[in-house]
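In UniProt numbering, the protein residues as written are 1 to 748.
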């Protein structure tokens with residue numbers, strides 16, 4: 001029946017009466033449009049060159065009214081076309097690899113006149129004014145300042161290139177020469193996905209075609225993660241050159257040491273020429289001071305040629321404070337959460353899709369276009385994301401897609417202090433799917449065992465008790481009450497293999513975050529250094545060394561920056577002082593802004609040719625060889641392990657085995673001789689290594705530990721020493737490599 005007025009009321013649709021096509025009608029922002037904008041096979045953000053002679057430009061600026069590409073070489077301003085989801089795009093033949101460019105938002109760059117001026121030379125010189133005559137036709141008083149010689153002109157009369165930066169006006173100085181207050185708030189903005197910033201974070205971007213590099217690593221196979229022996233390094237301080245090419249010069253040394261994976265601290269463009277790397281703002285740009293994109297590709301290729309994997313440290317929990325123009329493009333940050341760096345990266349607030357894509361494309365680029373083997377994600381506990389799919393989980397999914405396309409294996413390693421196995425649980429178990437994580441707790445427990453004062457975060461650890469627990473459970477706290485946190489903390493990780501945990505006795509944080517940047521050699525005896533190295537390398541986890549520890553580098557590892565904003569510099573100084581006040585109540589920390597602080601941090605490559613550094617290096621090389629050749633050590637099965645701590649004597653016995661091979665690691669953390677009873681196991685034990693042996697510059701006199709002994713025997717240990725015994729499978733037959741030649745330290 002028709003209602004009053006004669007119009008037929010439309011029948012209300014129910015789920016049973018709806019056709020399937022009702023769900024798929026075109027809409028301005030259909031969710032099905034979103035996946036097509038991200039391709040794991042190639043980068044799309046920024047400037048790309050899909051075919052010769054053509055550049056594609058894609059930038060995310062969802063709140064902009066208009067976006068244009070500025071090409072300074074041609075003084076050309078090219079408008080971009082608005083696309084879905086806040087993206088702007090352009091295809092042009094006016095931009096080529098190597099060209100400088102920038103973006104202009106919501107504005108117009110001043111146009112320059114193209115109309116030619118009348119030529120005064122068409123008239124007789126006598127008819128021209130002084131200004132129209134040539135310099136040779138004018139008298140000296142009629143010449144302009146630019147026509148006089150530079151010595152005849154005052155600073156204001158010289159051209160900008162003839163004046164020093166302090167004599168130029170702010171508009172004449174380059175972006176890196178201007179102070180922050182002199183820089184224009186919007187004028188020309190660097191590309192958020194720039195691959196090169198030759199003038200630094202405030203300068204123009206440079207177009208780079210990553211697809212032209214002649215890779216020679218087609219036969220490279222990323223080793224199983226369980227076989228990784230990591231070496232953390234900082235590009236700027238690892239070598240005198242402080243560049244990617246400088247690292248290449250030392251690859252043969254690292255290979256001779258036994259390292260098969262280097263972990264490079266962050267290299268994304270940061271302010272100035274010196275920084276740890278965690279203040280990066282151009283996430284896609286390899287820092288210009290290190291050599292840039294092509295030099296990084298060359299380094300990775302050289303690593304693979306020598307059988308060395310490359311792990312790149314990336315920072316997705318915050319952006320640096322200086323040169324960060326991202327917020328002018330879009331809502332990359334959110335004030336929904338507080339972080340130590342201010343606003344959080346926007347992973348779950350309005351417009352977060354563009355931010356998530358930005359981060360995921362960045363990660364995929366390093367793996368795909370630079371052939372990096374693994375990423376180390378900084379402090380993921382500081383990532384705030386309550387989306388249905390956490391950003392780490394989505395990243396894992398995308399990396400798996402890339403792996404399926406390329407046939408290569410990629411690892412995702414995280415720094416997390418949550419003691420939450422969800423981070424490393426597989427996707428099928430609703431985890432984030434990360435392959436491995438750093439275990440700071442092992443470091444803390446080891447440090448307290450060797451004598452570190454229980455202050456700050458060390459206050460939660462009790463000598464060998466927590467070290468023993470970390471050997472067994474990885475996490476020292478997996479549900480127990482933490483005095484430092486004043487709550488129960490952590491969950492158990494019972495089913496996870498040893499290769500999901502990375503342990504160390506030093507790293508950039510634990511050294512650099514001390515008042516004086518003291519390395520272990522500044523704090524402990526030579527004997528204790530050998531014990532600490534052994535404790536890490538016999539663990540059932542992936543070991544990581546920090547650059548220079550293998551020869552007891554004596555230069556500290558300071559925290560350093562190179563900002564240009566005086567207020568920011570003062571803030572960094574005050575922040576560092578306050579952050580570590582709980583550890584160091586007396587004295588001041590080194591000034592992170594001073595160039596000398598950076599210079600004092602560089603490794604001294606002559607030290608490995610001198611004693612005792614030379615012997616310690618050989619000791620490390622021997623330990624690494626044992627780990628690689630003994631099945632009981634290189635099989636990271638956490639179930640084939642027992643620990644016998646003696647908290648009163650402050651000793652520890654670690655028993656590891658694989659099939660019929662057994663290994664005992666006896667550790668004495670005191671400054672006195674101790675007696676340790678071996679486990680009651682049948683068979684004879686053969687001594688493989690004694691850190692107190694004179695071959696390792698141990699104490700004078702014969703070592704009290706016997707070369708052969710039986711189960712349940714009592715063994716005397718030298719102070720601050722570690723002894724390795726083995727049995728079964730002719731396990732004592734180990735082939736040691738030759739000593740590392742001096743030419744690998746100091747090239748002739």
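Every residue gets a Cβ at the ideal spot worked out from N, C-alpha and C, and that includes glycine.
Whole angstroms is fine: what's the gap from residue i's alpha carbon to residue j's?
| i | j | result |
| --- | --- | --- |
| residue 722 | residue 546 | 21 Å |
| residue 654 | residue 405 | 43 Å |
| residue 506 | residue 70 | 47 Å |
| residue 314 | residue 265 | 8 Å |
| residue 311 | residue 728 | 36 Å |
| residue 634 | residue 657 | 10 Å |
| residue 498 | residue 226 | 8 Å |
| residue 561 | residue 216 | 36 Å |
| residue 540 | residue 197 | 42 Å |
| residue 402 | residue 374 | 13 Å |
| residue 464 | residue 651 | 7 Å |
| residue 737 | residue 629 | 12 Å |
| residue 73 | residue 96 | 11 Å |
| residue 614 | residue 608 | 5 Å |
| residue 100 | residue 522 | 47 Å |
| residue 679 | residue 466 | 21 Å |
| residue 480 | residue 417 | 15 Å |
| residue 106 | residue 512 | 43 Å |
| residue 93 | residue 66 | 21 Å |
| residue 44 | residue 573 | 39 Å |
| residue 195 | residue 86 | 21 Å |
| residue 724 | residue 639 | 20 Å |
How should residue i be labelled, buried or exposed, when 16 other C-beta atoms within 10 angstroms of its C-beta is the threshold for buried?
| i | result |
| --- | --- |
| residue 662 | buried |
| residue 51 | exposed |
| residue 386 | exposed |
| residue 712 | exposed |
| residue 554 | exposed |
| residue 185 | Bear in mind that a pLDDT of 44 at residue 185, under 50, signals an unreliable position, so the model cannot answer this. |
| residue 338 | exposed |
| residue 470 | buried |
| residue 579 | exposed |
| residue 285 | buried |
| residue 221 | exposed |
| residue 322 | buried |
Report the residue from the options whose alpha carbon sits nearest the alpha carbon of residue i.
| i | options | result |
| --- | --- | --- |
| residue 231 | 317, 190, 76 and 376 | 376 |
| residue 460 | 474, 445 and 451 | 445 |
| residue 306 | 293, 347, 323 and 247 | 247 |
| residue 741 | 76, 208, 244 and 255 | 255 |
| residue 431 | 496, 577, 610 and 471 | 496 |
| residue 637 | 213, 335, 472 and 428 | 472 |
| residue 700 | 44, 709, 718 and 57 | 718 |
| residue 684 | 707, 669 and 697 | 707 |
| residue 301 | 396, 214 and 210 | 214 |
| residue 599 | 423, 559 and 624 | 559 |
| residue 413 | 423, 294 and 349 | 423 |
| residue 361 | 316, 297, 91 and 296 | 316 |
| residue 569 | 594, 557, 550 and 552 | 594 |
At which residues does the beta strand (DSSP E) containing residue i begin and terminate?
| i | result |
| --- | --- |
| residue 663 | 661-668 |
| residue 238 | Careful: residue 238 lies outside any beta strand (DSSP E), inside the alpha helix (DSSP H) at 235-238. |
| residue 328 | First-last for residue 328: 326-329, but that is the alpha helix (DSSP H), not the beta strand (DSSP E). |
| residue 310 | 309-314 |
| residue 483 | Segment: none, residue 483 is in no beta strand (DSSP E) and carries neither H nor E. |
| residue 712 | From DSSP, residue 712 is part of no beta strand (DSSP E); its letter is neither H nor E. |
| residue 501 | 501-503 |
| residue 760 | What is shown of the chain runs 1 to 748, which leaves residue 760 out entirely. |
| residue 687 | 684-690 |
| residue 753 | The structure shown does not extend to residue 753, since the chain spans only 1 to 748, so no value can be given for it. |
| residue 781 | For residue 781 there is no data in the structure shown, the boundaries of the chain being 1 and 748. |
| residue 46 | 46-51 |
| residue 189 | Counting along the chain, residue 189 falls outside any beta strand (DSSP E), and DSSP gives it neither H nor E. |
| residue 656 | 651-658 |
The alpha helix (DSSP H) that contains residue i, what's its start and end?
| i | result |
| --- | --- |
| residue 613 | 613-629 |
| residue 247 | 244-249 |
- Item | Runs of alpha helix (DSSP H) wholly within the segment 341-392 (minimum 4 residues, chain order) | Entirely contained in the segment 341-392, the alpha helix (DSSP H) runs reaching 4 residues are, in chain order, 352-369.
- Message: Report the start-end ranges of each alpha helix (DSSP H) in the segment 511-595 that is 4 residues or longer and not cut off at the edges.
- Response: Segments of the alpha helix (DSSP H) lying fully in the segment 511-595: 520-523, 526-537 and 566-579.
- Within the segment 424-462, ranges of the beta strand (DSSP E) (whole runs, at least 3 residues): Scanning the segment 424-462 from its first residue to its last, the whole beta strand (DSSP E) runs of 3-plus residues come out as 436-438.
- Query: At what residue ranges does the segment 261-306 contain a whole run of the beta strand (DSSP E), taking only runs of 3 or more?
  - Reply: With a minimum length of 3 residues, the continuous beta strand (DSSP E) runs that stay inside the segment 261-306 are 261-264 and 282-286.
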